[in-house]
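Numbering (this note's numbering), first residue to last: 669 to 773.
So the structure is just underneath, and the comments pick up after that.
Quick look at the structure:
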């Protein structure tokens, strides 16, 4: 009986499973799987692009901070020279003052 109904309604059954143009149920199932795979690939692509952008931004920040650090080290060395010159000058003034005080007495 079931087989007889299937044989009599083979056109309707084929329309249901294969469909016309739209793919029917099988087409819908395959299409939904394809869209799911396509969505995951797009999401992965966006995720990897975001990671690359964050990595690039981080590398730029590191380069900026390295340059700033090098500049501060250079300024620090210049300040050390200036401080040393000022200390030497202060020592010279102390000695000169001591010599002046001795001559006065």
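Even glycine gets a Cβ: it sits at the ideal position worked out from N, Cα and C.
According to DSSP, is residue 737 helix, strand or coil?
Residue 737 sits at position 69 when you count from the first residue of the chain shown. The DSSP-derived three-state label of residue 737 is helix.
Alpha carbon to alpha carbon, how far is residue 715 from residue 745? Give it in angstroms, no decimals.
Position 77 of the chain shown, counted from the first residue, corresponds to residue 745. Position 47 of the chain shown, counted from the first residue, corresponds to residue 715. Distance between the alpha carbons of residue 745 and residue 715: 45 Å.
Which class does residue 677 belong to by DSSP, given the choice of helix, strand or coil?
Stepping through the chain shown from its first residue, residue 677 is reached at position 9. Residue state, collapsed to three classes: coil.
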